[in-house]
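Chemist: Chains as they are written, first to last, in our numbering: chain A, 1 to 196; chain B, 197 to 392.
Glycine included, C-beta positions come from ideal geometry on N, C-alpha and C.
Take this structure first; my questions come after.
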DNA sequence: CCCTATGGACCGACCGGTCGGTCCGCAAGT
DNA sequence: ACTTGCGGACCGACCGGTCGGTCCATAGGG
């Protein structure tokens, strides 16, 4: 409501955490560093977050939720396999590039996700993974895609590039996210193209 | 020579470190955990290693060196681009699968590589990367490969899957490393195939 | 006045690393 | 063949400092 002249403490903490976790890793970042960069005292931090771990969950939960919602919307269109795959790649690449730091933190720290609360993030990613695999498998069965490799291998390849994108993508770089997405989709669809 | 009934302490420490770093991350693993699993006391550890960081360097240095040497040998054969690319993929996949934990540790902790000593690991990976990129670029110029995507994008894709292989590869799984390598090479070469 | 938001002193546990010392295989001295 | 001395492998108590987390005082809007 009140348009705060500076962001509220909670938001500042979240932003500082994303930046520091991306740069130094979760275990390599102390709560003291986070609150110092956010301009908040210890008490203020623990007023908003129950623990350092809770902070980590919040950092990567948001991106995954958005990507999953976008996936559902794209699949719901019911387009041809090739078109659907292209749209999925485009959204994944662009949302990952737009939130590269969150994506990097999730990717690097996902092995810390062990408890009940975070298992759902794993399941979310798993669902995304399975959806793409099924899309490719169905496309191959229907003859829209060539059976040049197993659906699993193709899926691992697609997610492999995208998951590592935060490591090499630079917002100031030559290539815009849309162009990266196009190139990747071209590459994948060329491999899956059925011989004329 | 003397087939030690138990490995020497140094080797046990190294093995324990790889395992724990892969499971919990470098910062998430204490020296106390490493020495406990290795069955060595604190003093014994610091007799063999100057610091915890030095231990990390040793854990991932060896694999990179071997992969780079294999790459040089393959390139030196001077085979056709397609054949060379297939051989590089095969070696990368198989060596990564065989040393999945080291590969995982390197990939997850590479952002910690900042000092002089470790910069060489970065350069080694960079050289591997550039070699593949040039191979694809030359192949495209010569007409052996289709210009379906930029050489950089193709390279990122290949290394993307392979770097994430430790996350999903299971030695007891259905697919042998050689089969994974074949599938991946088939996929990549299908995309790069020039239309007949 | 109470309730939410915040500050900062403070806590015990644990961190990476040090240090003085023990143990033992082995080669030289006799 | 027995003794002596030495050097490297290894031990575990201990260090200062930092960790994540707690607690209470306080400020200020309703």
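Kindly indicate which residue of 111/A, 191/A, 74/A has the alpha-carbon position closest to the one of residue 57/A.
Modeler: By 1-based counting over the first chain, the position of residue 57/A is 57. Of the listed residues, the one whose Cα sits closest to residue 57/A is 111/A.
Chemist: Between residue 230/B and chain A, is any beta-carbon pair separated by less than 7 Å?
Modeler: Counting from 1 along the second chain, the entry for residue 230/B is found at position 34. No, because no Cβ of chain A sits closer than 7 Å to the Cβ of residue 230/B.
Chemist: Less than 7 Å between CB atoms is the rule here; does residue 379/B satisfy it with respect to chain A?
Modeler: Walking along the second chain from the start, residue 379/B turns up at place 183. So, interface residue.
Chemist: Let's see if you can read the secondary structure: which residues bound the alpha helix (DSSP H) around residue 327/B?
Modeler: Within the second chain, numbered from 1, the residue matching residue 327/B stands at position 131. Its alpha helix (DSSP H) spans residues 312 to 337.
Chemist: Using only the alpha-carbon positions, how far apart do residue 323/B and residue 55/A sit?
Modeler: Walking along the second chain from the start, residue 323/B turns up at place 127. Walking along the first chain from the start, residue 55/A turns up at place 55. So the alpha carbons of these two residues sit roughly 38 Å apart.
Chemist: Throw me the rounded Cβ distance for the residue 22/A and residue 105/A pair, which I believe falls under 8 Å.
Modeler: Sequence index remark: in the first chain, residue 22/A carries index 22 (1-based). Sequence index remark: in the first chain, residue 105/A carries index 105 (1-based). Residue 22/A to residue 105/A, Cβ: 5 Å. Contact.
Chemist: Rounded to a whole number of angstroms, what is the C-alpha to C-alpha distance between residue 260/B and residue 269/B?
Modeler: As a first step, residue 260/B is located in the second chain; it is residue number 64 there, counting from the start. As a first step, residue 269/B is located in the second chain; it is residue number 73 there, counting from the start. The alpha-carbon atoms of residue 260/B and residue 269/B are separated by roughly 14 Å.
Chemist: Since residue 261/B is in the alpha helix (DSSP H), which residue starts that stretch and which ends it?
Modeler: In the second chain, residue 261/B corresponds to position 65, counting from 1. Looking at the DSSP string, the run of the alpha helix (DSSP H) that includes residue 261/B is 248 to 272.
Chemist: Hey, could you find the ends of the alpha helix (DSSP H) residue 178/A is sitting in?
Modeler: By 1-based counting over the first chain, the position of residue 178/A is 178. Element bounds for residue 178/A: 177 to 192.
Chemist: Cα-Cα, which of 208/B, 257/B, 386/B is closest to residue 313/B?
Modeler: As a position in the second chain, residue 313/B is number 117, starting the count at 1. Closest by alpha carbon: 257/B.
Chemist: Within 10 angstroms of its Cβ, does residue 367/B collect 16 or more other Cβ (buried), or is it exposed?
Modeler: Working through the second chain from its first residue, we reach residue 367/B at position 171. By the neighbour-count rule (16 or more Cβ atoms within 10 Å), residue 367/B is not buried but exposed.
Chemist: To the nearest angstrom, report how far apart residue 223/B and residue 295/B are at their CA atoms.
Modeler: The residue you call residue 223/B lines up with position 27 of the second chain. The residue you call residue 295/B lines up with position 99 of the second chain. If you take the alpha carbons of residue 223/B and residue 295/B, they lie about 21 Å apart.
Chemist: Can you pull the chain B residues whose beta carbon is under 7 Å from the beta carbon of residue 147/A, in chain order?
Modeler: Numbered from 1 along the first chain, position 147 holds the residue referred to as residue 147/A. Those within 7 Å of residue 147/A in chain B number zero; the least Cβ separation is about 10 Å.
Chemist: Let me see if you follow: with CB-CB separation under 7 Å, is residue 187/A close to chain B or not?
Modeler: Along the first chain, read from residue 1 onward, the residue named residue 187/A stands at position 187. Yes, contact with chain B.
Chemist: For residue 29/A, does the three-state DSSP call read helix, strand or coil?
Modeler: Along the first chain, one-based indexing puts residue 29/A at 29. Looking at residue 29/A - three-state DSSP - the assignment turns out to be coil, as it is neither helix nor strand.
Chemist: Is the CB-CB distance between residue 165/A and residue 96/A below 7 Å?
Modeler: Here residue 165/A refers to the residue found at position 165 of the first chain. Here residue 96/A refers to the residue found at position 96 of the first chain. Contact: yes.
Chemist: Just to confirm before moving on: does the CB-CB distance between residue 140/A and residue 149/A stay below 7 Å?
Modeler: Along the first chain, one-based indexing puts residue 140/A at 140. Along the first chain, one-based indexing puts residue 149/A at 149. For residue 140/A and residue 149/A, no; Cβs fall outside 7 Å.
Chemist: Closest Cβ-Cβ distance between residue 153/A and chain B: below 7 Å?
Modeler: On the first chain, residue 153/A is found 153 positions in, with the first residue counted as 1. It does; some Cβ of chain B falls within 7 Å.
Chemist: Taking a cut of 7 Å between CB atoms, which residues from the segment 159 to 175 of chain A lie near chain B?
Modeler: Cβ contacts with chain B come from 160, 161, 163, 164, 168.
Chemist: What would DSSP say about residue 181/B, mapped onto helix, strand or coil?
Modeler: Nothing can be reported for residue 181/B: it is not among the residues displayed for chain B, which extend from 197 to 392.
Chemist: Using C-beta distances below 7 Å, list every residue in its chain close to residue 152/A, excluding the 5 sequence neighbours before and after it, in chain order.
Modeler: Here the question's residue 152/A lines up with position 152 in the first chain. Hits under 7 Å: 133.
Chemist: Take the Cβ of residue 297/B as the centre, count every other Cβ of all protein chains shown within 10 Å, and call the residue buried at 16 or more, exposed below.
Modeler: What you label residue 297/B is simply residue 101 of the second chain in a count that begins at 1. Buried: at least 16 other Cβ atoms inside 10 Å.
Chemist: Are residue 388/B and residue 352/B closer than 7 Å when you measure CB to CB?
Modeler: Residue mapping note: residue 388/B aligns to position 192 of the second chain, counting from 1. Residue mapping note: residue 352/B aligns to position 156 of the second chain, counting from 1. No, these two residues do not count as a Cβ contact at 7 Å.
Chemist: Could you check how far apart the C-beta atoms of residue 380/B and residue 357/B are, in whole angstroms? I think they sit under 8 Å.
Modeler: Numbered from 1 along the second chain, position 184 holds the residue referred to as residue 380/B. Numbered from 1 along the second chain, position 161 holds the residue referred to as residue 357/B. Confirmed, Cβ separation roughly 6 Å.
Chemist: Straight-line CA distance for residue 103/A to residue 59/A?
Modeler: By one-based count along the first chain, residue 103/A stands at place 103. By one-based count along the first chain, residue 59/A stands at place 59. C-alpha separation (whole angstroms): 9 Å.
Chemist: Tell me whether the beta-carbon of residue 376/B lies closer than 7 Å to the beta-carbon of residue 289/B.
Modeler: The residue you call residue 376/B lines up with position 180 of the second chain. The residue you call residue 289/B lines up with position 93 of the second chain. Against a cut-off of 7 Å, the Cβ pair of residue 289/B and residue 376/B comes out as a contact.
Chemist: Tell me, to the nearest whole angstrom, how far the beta carbon of residue 154/A is from that of residue 383/B; I am working on the premise that it is less than 8 Å.
Modeler: Here residue 154/A refers to the residue found at position 154 when the first chain is read from its first residue. Here residue 383/B refers to the residue found at position 187 when the second chain is read from its first residue. Yes, they are in contact, since the Cβ atoms of residue 154/A and residue 383/B sit about 7 Å apart, within 8 Å.
Chemist: So, using beta-carbon positions, are residue 34/A and residue 16/A closer together than 7 Å?
Modeler: Counting from 1 along the first chain, the entry for residue 34/A is found at position 34. Counting from 1 along the first chain, the entry for residue 16/A is found at position 16. In this structure, residue 16/A lies closer than 7 Å to residue 34/A by Cβ.
Chemist: Assuming residue 239/B contacts residue 205/B (C-beta within less than 8 Å), just tell me the rounded distance between them.
Modeler: Stepping through the second chain from its first residue, residue 239/B is reached at position 43. Stepping through the second chain from its first residue, residue 205/B is reached at position 9. Residue 239/B to residue 205/B, Cβ: 11 Å. No contact.
Chemist: In whole angstroms, what is the alpha-carbon distance linking residue 115/A and residue 68/A?
Modeler: As a first step, residue 115/A must be located in the first chain, where it is residue number 115. As a first step, residue 68/A must be located in the first chain, where it is residue number 68. Distance between the alpha carbons of residue 115/A and residue 68/A: 21 Å.
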